[in-house]
Amino acid sequence: MVVTLFDHETPGYGRVKSTALHFVEAMKFGHEPGRYRKEPSGPESFYGSYHGLHILDLFGELDTCPQAEQEAWADYFRANQSEHGFFTTDRDLRARPLAIGALEPHWHATRGHLWALRILGRPPRFPLTFLEPLLEPRALYRWVKGYNWGNSWAAGNQVLACATALFAARDWFGATGVGDALEHGMYPALEEVFDPRTGYWGTQLGADSLNGLFGTIHVTPIYFSEGWPLRALERNVDSTLACQLPDGSFWPGGSDCPDYDGAYMMSNLAALTDYRRDDLEAAAYRYLQHALMHEDPDGFGWRLHRRDTGPAQWKSRPHWIWKPGAREVTCELRDEDPTRTHIMLGSWFYPLSIALVAHMLRDTGYEGPYRLNPLSLHECTVYTQ
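Encoded structure:
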């Protein structure tokens, strides 16, 4: 169920909305529905389209889009689906079945396509038959446990994508056995790689605190969606507060994914426990001031890095790339290029994180009718259930 966070609109909300929508409008590619760039001067991009859709939906703008255009936009996403249900931009793979072990490079794209289609309320063309080997609980259990949870961030990304696909198979195609597989396969596996000393996933297996936080926010929406209880909330609060940097960010120089992850965790924890409430609120105010330092002063979207920093203060964040045939994920670093200043993801994640902390704090001056759609699991929170 879509949740609208506030029934009134503040000037701050209006500015956040205008800045984000200005960037989406500028990234439009051509005249066909759904075509967007990911960043200025870039080519047409699936990720530009997928993130642009979420930005429009966050601010209720998708409701003004004619149904025929929404259908055409859905067709743009559907065109990347293989006959076996997973999604890929590699046309050569669309008629080929792939074993579960060969799907590593395609989980993230599958997740993004399904979230986009769920926002649009339109199913894909083909059932998600590629999931059939994971509908047996022990197989799903082994698959989840098979990841290196010493890299909780990368492992959590893959598991969240799998959960997304399982939910879609259940909800759109009536796949039987999904509930049993989740409850008796995924859930016990995740509980076994959870670290009660930190409240995070994977920290007892080698993940550092930041990596554990970024993995945890990919697992937590699955728990919220399924109604599974989160354990060790107080330790999670301690860990999350310890991850925040003095400037309010969760990554040196700021970065859209890590910063959103910290804001997501803080806002949900504040709804789940009163432990260190004053500290959480102070941290959320610091985060809000940090997020606003990513707002482009010309109202042109949200910047990759704080506008008061330069390359000497930046740390390139990892992008986890699963290459065909590889058994371990590859780390690519690409955010240190000073010529890259904006991407579409930032204009989704910074406004979305501001929405979450505004909902948590209630008196920031940035309250407004942000819309959260929990079918897109980055927007699935404890208060959208």
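In terms of the numbering used here, the sequence shown opens at residue 1078 and continues consecutively. All C-beta atoms in this analysis are idealised placements derived from N, C-alpha and C, irrespective of residue type, glycine included. Note that the structure is a prediction, hence the values are computed from the model and not measured.
### Query
Mapping DSSP to helix, strand and coil, what is LYS1105?
Correct three-state label for LYS1105: strand.
#### Entry: Where the beta strand (DSSP E) through TRP1397 begins and ends
For TRP1397, the enclosing beta strand (DSSP E) stretches over residues 1395-1398.
### Opposing strand residues paired with HIS1419 [DSSP bridges]
Per the DSSP secondary-structure output, HIS1419 pairs in a beta bridge with ARG1380.
### Burial state of PRO1335, where buried means 16 or more other Cβ atoms lie within 10 Å
With a 10 Å radius around the Cβ and a threshold of 16 neighbouring Cβ atoms, PRO1335 comes out buried.
#### Entry: Inter-residue CB distance, ALA1367 and SER1326 (contact presumed, cutoff 8 Å)
In the sequence as presented, Ala is not what sits at residue 1367; that position holds His. The beta-carbon separation of HIS1367 and SER1326, rounded to 5 Å, stays under the 8 Å limit for a contact.
#### Entry: For ALA1103, the nearest candidate out of TRP1425, ILE1431 and PHE1377 (CA to CA)
Ranking the options by Cα distance to ALA1103, first place goes to PHE1377.
### Query
Does DSSP classify GLN1462 as helix, strand or coil?
In the structure shown, GLN1462 adopts coil according to DSSP, grouped into three states.
### Query
Are the segment 1441-1450 and the segment 1275-1291 in contact at 8 Å, needing three or more beta carbon pairs?
With the cut-off at 8 Å, the segment 1441-1450 and the segment 1275-1291 do not touch.
### Beta-bridge partners of ARG1448, as assigned by DSSP
Answer is THR1081, bridged to ARG1448.
### Task
Please determine, among TYR1447, ALA1403, ALA1216 and ASP1152, the residue with the shortest C-alpha to C-alpha distance to VAL1255.
Per the Cα distances, ALA1216.
### Message
If the criterion is Cβ atoms closer than 9 Å, does the pair LEU1243 and LEU1267 meet it?
### Response
Not a contact, by the Cβ cut-off of 9 Å.
### Query
According to the neighbour-count rule (16 or more other Cβ atoms, all chains shown, within 10 Å of its Cβ), is PRO1388 buried or exposed?
With fewer than 16 other Cβ atoms within 10 Å, it is exposed.
### Query
If we count the other Cβ atoms within 10 Å of its Cβ and call it buried at 16 or more, is GLN1390 buried or exposed?
Per the 10 Å Cβ criterion, exposed.
### Paired residues, beta bridge with ARG1114 - DSSP
GLU1121.
### Message
What does the Cβ neighbour count give for HIS1183, buried or exposed, with the cut at 16 atoms within 10 Å?
### Response
So HIS1183 ends up on the buried side.
### Query
For THR1407, does the three-state DSSP call read helix, strand or coil?
DSSP places THR1407 in the strand class (E or B) of the three-state scheme.
### Task
Enumerate, from N- to C-terminal direction, the unbroken alpha helix (DSSP H) stretches of 4 or more residues contained entirely within the segment 1213-1298.
Fully contained in the segment 1213-1298 are the following alpha helix (DSSP H) runs of length 4 or more, in chain order: 1214-1222, 1229-1250, 1255-1258 and 1264-1269.
### Query
CB-CB under 7 Å to PHE1154, same chain, minus the five flanking residues each way: which ones, in chain order?
Closer than 7 Å at the Cβ level, and outside the excluded window around PHE1154, lie HIS1190, ALA1193 and LEU1194.
### Message
I'd like the list of long-range same chain contacts for LEU1307, defined as Cβ closer than 6 Å, with 5 residues on each side in sequence excluded.
### Response
TYR1300, listed in sequence order.
### Query
Straight-line CA distance for TYR1447 to LEU1197?
If I take the Cα positions, the gap works out to 17 Å.
### Query
So what's GLN1158 in DSSP terms, helix, strand or just coil?
In the structure shown, GLN1158 sits in a strand (DSSP, three-state: E or B).
### Pick from PHE1123, TYR1090, HIS1436 and ASN1313 that is closest to ASP1152, judged by C-alpha positions
With respect to the C-alpha of ASP1152, the residue from PHE1123, TYR1090, HIS1436 and ASN1313 having the closest C-alpha is PHE1123.
### Task
Please report how far the alpha carbon of GLN1158 lies from the alpha carbon of GLU1148, in whole angstroms.
In a straight line, the C-alpha of GLN1158 is about 16 Å away from that of GLU1148.
### Task
Let me know if ARG1168 comes out buried or exposed under the rule of 16 or more other beta-carbons within 10 Å of its beta-carbon.
Exposed, since its Cβ has fewer than 16 Cβ neighbours within 10 Å.
### Query
What three-state label does DSSP hand PHE1203 in the structure shown?
DSSP places PHE1203 outside both helix and strand once states are collapsed to three, so it counts as coil.
### Message
Just to confirm before moving on: does the CB-CB distance between ALA1258 and LEU1212 stay below 9 Å?
### Response
It is a contact, given that the beta carbons lie within the stated cut-off.
#### Entry: C-beta contact flag for ALA1347 and MET1263 at 9 Å
The answer is no: Cβ separation not under 9 Å.
### Message
On the criterion of 16 or more Cβ atoms from any shown chain inside 10 Å, does ALA1186 qualify as buried, or is it exposed?
### Response
Around the beta carbon of ALA1186, a 10 Å sphere encloses 16 or more other beta carbons of the protein chains shown; the residue is thus reported as buried.
### Task
Rounded to whole angstroms, what's the CA-CA distance from LEU1357 to GLY1276? Just pull it up for me.
Roughly 16 Å separates the two Cα atoms.
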